[in-house]
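**Q** First the structure, then my questions, so here it is.
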Amino acid sequence: MKYDFSSQRALVGGSTQGIGRAVAEELAKNGATVTLLARNEVHLREVAAALPTPSGQLHDFIVADFSEPALLAQRLSEYLAKQTVGFDILINNTGGPAGGPILEAPVDAFRAAFEQHLICNHLLAQAVVPAMRERGYGRIINIISTSVKQPLPSLGVSNTIRGAVANWAKTLANELGSDGITVNNILPGATVTQRHTSLIDKKVAQTGQSVEDVEASMLKLIPANRFAQAEEVAAAVVFLASKAAGYINGVNVPVDGGRTGNL
Numbered sequence: 000m001k002y003d004f005s006s007q008r009a010l011v012g013g014s015t016q017g018i019g020r021a022v023a024e025e026l027a028k029n030g031a032t033v034t035l036l037a038r039n040e041v042h043l044r045e046v047a048a049a050l051p052t053p054s055g056q057l058h059d060f061i062v063a064d065f066s067e068p069a070l071l072a073q074r075l076s077e078y079l080a081k082q083t084v085g086f087d088i089l090i091n092n093t094g095g096p097a098g099g100p101i102l103e104a105p106v107d108a109f110r111a112a113f114e115q116h117l118i119c120n121h122l123l124a125q126a127v128v129p130a131m132r133e134r135g136y137g138r139i140i141n142i143i144s145t146s147v148k149q150p151l152p153s154l155g156v157s158n159t160i161r162g163a164v165a166n167w168a169k170t171l172a173n174e175l176g177s178d179g180i181t182v183n184n185i186l187p188g189a190t191v192t193q194r195h196t197s198l199i200d201k202k203v204a205q206t207g208q209s210v211e212d213v214e215a216s217m218l219k220l221i222p223a224n225r226f227a228q229a230e231e232v233a234a235a236v237v238f239l240a241s242k243a244a245g246y247i248n249g250v251n252v253p254v255d256g257g258r259t260g261n262l
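The sequence shown begins at 0 in numbering that gives the first Met the number 0 and counts up by one.
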């Protein structure tokens with residue numbers, strides 16, 4: 000489906016690789032002016048230069064690390080102070096916490112993940128919502144995980160924090176709906192990204208199984224019998240970012256090939 004984002008600006012977190020990059024590319028392809036947000040300036044420059052420009056867009060980027068919320072807020076404030084218009088679309092996305100059983104997780108792992116995910120999402124929303132409210136239009140989409148609906152084995156910290164983010168998002172959706180701003184969550188299943196590979200590698204190291212055996216055991220749980228590509232997740236994100244999705248608000252949308260075992 001073709002969308003027209005030619006008059007819109009999008010801020011995309013974690014956008015130098017994986018799902019974030021795929022979302023940035025898909026939005027740019029459909030005319031949006033994209034501001035990338037990630038910690039590696041070299042990669043940001045490369046990705047920004049490679050984004051499509053069908054409407055002659057001038058894409059740019061903000062260098063910030065989600066492990067430093069105060070610095071993220073400062074960098075975004077400095078950026079917005081130089082702009083004449085705000086963002087129409089915010090994509091909250093960053094890498095997930097390290098895996099492992101929940102009882103083995105140090106307390107600091109929960110604190111760090113809470114700041115990296117919920118606090119940073121909150122700071123970004125606080126920064127962009129005023130301009131959205133002024134225009135009476137906005138889209139906030141959070142890339143979370145299917146663990147929001149069904150906790151995943153050996154992802155104790157992630158399961159905990161993702162649930163908090165989902166409830167934050169639902170609360171925000173209720174508060175902003177009357178302003179023409181929707182807030183929704185995309186819940187990716189097993190998607191071919193660097194995180195996906197790292198989780199498989201960790202399982203291989205723990206069990207001594209081959210990569211092929213680990214992948215086969217994962218695929219048994221997925222009715223589609225394959226892993227997602229980042230572009231497939233991005234397609235769902237871009238739909239929710241479009242005007243066509245204006246009456247979809249406060250929902251969790253799994254993109255998981257049917258793996259999640261509940262409705």
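Glycine residues also receive a C-beta, built at the ideal position from the N, C-alpha and C atoms.
Report the three-state DSSP secondary structure of G94 (helix, strand or coil).
**A** Of the three classes helix, strand and coil, the one that applies to G94 here is coil, per DSSP.
**Q** Which whole runs of the alpha helix (DSSP H) in the region 62-150 are 4 residues long or more, in chain order?
**A** Runs of the alpha helix (DSSP H) inside the region 62-150: 68-80, 106-113 and 119-134.
**Q** Measure how close the beta-carbons of L43 and F65 come, nearest whole angstrom, since I'm counting them as under 8 Å.
**A** No, L43 and F65 are not in contact; Cβ-Cβ is about 14 Å, not under 8 Å.
**Q** Taking 7 Å as the line, does the beta carbon of Q208 fall inside it for any heavy atom of the ligand MN?
**A** No copy of the ligand MN occurs in the structure displayed, which carries no ligand at all.
**Q** Express the C-alpha separation of R20 and A229 in angstroms, rounding to a whole number.
**A** For A229 and R20, the distance between alpha carbons rounds to 8 Å.
**Q** Just mark P53 as buried or exposed, buried being the case when its beta carbon has 16 or more other beta carbons within 10 Å.
**A** Exposed, since its Cβ has fewer than 16 Cβ neighbours within 10 Å.
**Q** Please go through the region 165-244 and give each complete alpha helix (DSSP H) segment of 4 or more residues, from N-terminal end onward.
**A** 193-206, 210-218 and 229-240, all fully within the region 165-244.
**Q** Which one of P222, V62 and N184 has the shortest CA to CA distance from N91?
**A** Out of P222, V62 and N184, N184 has the C-alpha closest to the C-alpha of N91.
**Q** Considering only residues of the same chain and omitting the five flanking positions on each side of N158, which have a CB-CB separation below 7 Å?
**A** Cβ neighbours of N158 beyond the five flanking positions: S146, P150 and L151.
**Q** Put N158 into one of helix, strand or coil per three-state DSSP.
**A** Of the three classes helix, strand and coil, the one that applies to N158 here is helix, per DSSP.
**Q** What is the DSSP secondary structure of R258, reduced to helix, strand or coil?
**A** The answer is coil: DSSP assigns R258 none of H, G, I, E or B.
**Q** Tell me whether N224 is buried or exposed, calling it buried when 16 or more other Cβ atoms sit within 10 Å of its Cβ.
**A** Exposed: under 16 other Cβ atoms inside 10 Å.
**Q** Exposed or buried, which one is T170 when buried takes at least 16 other CB atoms within 10 Å?
**A** When all chains shown are included, T170 counts as exposed.
**Q** Tell me whether G20 sits in a helix, a strand or coil according to DSSP, three-state version.
**A** In the sequence as presented, Gly is not what sits at residue 20; that position holds Arg. Helix, per DSSP.
**Q** Rounded to whole angstroms, what's the CA-CA distance from G179 to T32? Just pull it up for me.
**A** If you take the alpha carbons of G179 and T32, they lie about 21 Å apart.
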